[in-house]
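J.:
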Amino acid sequence: MAFVTLKELLTDAQRKRYAIGAFNTNNMEIVQAIVEAAVEERAPVILQASQGALRYAGIDYIMGLVRAAEKSADIPIVMHLDHGTDFNQVMLCLRKGFTSVMFDGSKKPLEENIAATRKVVEVAHAMGVSVEAELGKIGGTEDDVTVSEHEASLTIPAEAERFCAETKVDALAVAIGTAHGAYKGEPKLDFARLREIRKLVDTPLVLHGASGVPEEAVKRSIDYGICKVNIDTNIRQAFTKGVKEFIMENPSVFDPRKILGPAKEAMKEIIRAKIRLFGSNNKC
Ligand code: 13P
0 MAFVTLKELL
10 TDAQRKRYAI
20 GAFNTNNMEI
30 VQAIVEAAVE
40 ERAPVILQAS
50 QGALRYAGID
60 YIMGLVRAAE
70 KSADIPIVMH
80 LDHGTDFNQV
90 MLCLRKGFTS
100 VMFDGSKKPL
110 EENIAATRKV
120 VEVAHAMGVS
130 VEAELGKIGG
140 TEDDVTVSEH
150 EASLTIPAEA
160 ERFCAETKVD
170 ALAVAIGTAH
180 GAYKGEPKLD
190 FARLREIRKL
200 VDTPLVLHGA
210 SGVPEEAVKR
220 SIDYGICKVN
230 IDTNIRQAFT
240 KGVKEFIMEN
250 PSVFDPRKIL
260 GPAKEAMKEI
270 IRAKIRLFGS
280 NNKC
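Residue numbers (numbering that gives the first Met the number 0): 0 to 283.
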């Protein structure tokens, strides 16, 4: 079908109370796994690349892969920058055809975060591109962005209200107790805080660090207003497990296609399961 903006997808998701899966990618097999799973599930989908992914693969390679996938797929697809922390990086993504960007100014003091996010929103909106921002500090590591446990802080509802009104962002990532990467214990989500934010803010809300969050908690967070859920770690784990298992069982095989094929299937399985959990299946 066609590339669409984040705003288009999240408006429908918010109204009908489901969430769109936003899956991190950095190579061909991951792009294919995401798009094939989404096509089979009839699910609109968000592919996202972090600054680290763009450094690893090169922005033209990533965009080339995603354009090829988009041509062959009959579902709405968003190409999104995950955790852009640098204004110039965000501008480059706009020029290269991303339909959505996240500007992550969460490490800045509130006033500075508002000012920097507003600058991004002005340019992006003039180009028809959506913007996600972050308020509060989500713990853990997502490629370039690391927030230690003691640095992490939850989103303050009144600040979220002011932030959204002053920046006009299209989506807001909230810190409600999740963390990027593998969890040590079971995460405790602050649902009361999420409900309070939802009461004050109409902007679609985003759950980061969702890989290790129990299914019930993910469902509840969607009931309480989350409409984009980010998944990276689970895909990495499935890829690595698929590769390891194949090599252990077939130590003499050295054809990369034979090794990466099962890894792609393993990623597809987890992505399909997430799409169903988020309720975005059969939506297109
Ligand atoms: P996980 O790595 O925990 O899945 O989080 C992904 C994410 O939030 C990307 O921004």
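Backbone N, C-alpha and C define an ideal beta-carbon position, used for all residues, glycine too. Since we're looking at a predicted model, the values are computed, not measured.
Between residue 137 and ligand 1, is there a pair consisting of the residue's CB and a ligand heavy atom that are separated by less than 8 Å?
T.: For ligand 1, at least one heavy atom lies less than 8 Å from the Cβ of residue 137.
J.: What residues come near ligand 1, if near means a beta carbon less than 5 Å from any of its heavy atoms?
T.: Qualifying residues come out as 81, 141, 179, 207, 208, 210, 229, 230, 231 and 232.
J.: Extract the residue ranges of the alpha helix (DSSP H) inside the stretch 103 to 179, only unbroken runs of 4 or more that lie entirely within it.
T.: Counting only runs of 4 or more, we get 109 to 125 and 156 to 166.
J.: Look at residue 7 and residue 274 and say whether their C-beta atoms are less than 9 Å apart.
T.: In this structure, residue 274 does not lie closer than 9 Å to residue 7 by Cβ.
J.: With distances taken Cα to Cα, identify the nearest neighbour of residue 258 among 5, 242, 123 and 268.
T.: The shortest Cα separation from residue 258 among 5, 242, 123 and 268 belongs to 242.
J.: What is the residue span of the alpha helix (DSSP H) that residue 252 lies within?
T.: Residue 252 -> no alpha helix (DSSP H), and no H or E assigned at all.
J.: So, under 8 Å CB-CB, residue 286 and residue 48 are touching, yes? Tell me the CB distance rounded to an integer number of Å.
T.: Given that the chain is displayed from residue 0 to residue 283, the structure contains no residue 286 and the question cannot be resolved.
J.: Under three-state DSSP, which class holds residue 37?
T.: If DSSP states are grouped into helix, strand and coil, residue 37 belongs with the helices.
J.: Helix, strand or coil: which one does DSSP assign to residue 331?
T.: Only positions 0 to 283 of the chain appear in the structure, and residue 331 is not among them; the question remains open.
J.: Could you please give me the residues that DSSP links to residue 62 through a beta bridge?
T.: Residue 62 is not bridged to any residue.
J.: Are residue 79 and residue 53 close, meaning C-beta to C-beta below 9 Å?
T.: Contact flag unset, no.
J.: I'd like the list of long-range same chain contacts for residue 193, defined as Cβ closer than 8 Å, with 5 residues on each side in sequence excluded.
T.: Closer than 8 Å at the Cβ level, and outside the excluded window around residue 193, lie 173, 175, 204, 220, 223, 224 and 225.
J.: Indicate the three-state DSSP secondary structure (helix, strand or coil) for residue 53 in the structure shown.
T.: Residue 53: helix per DSSP, three-state reduction.
J.: Return no unless some Cβ of chain D is closer than 9 Å to the Cβ of residue 145.
T.: In the structure shown, chain D cannot be found, because there is only a single protein chain.
J.: Rounded C-beta distance between residue 1 and residue 26? I'm assuming under 8 Å.
T.: No, residue 1 and residue 26 are not in contact; Cβ-Cβ is about 24 Å, not under 8 Å.
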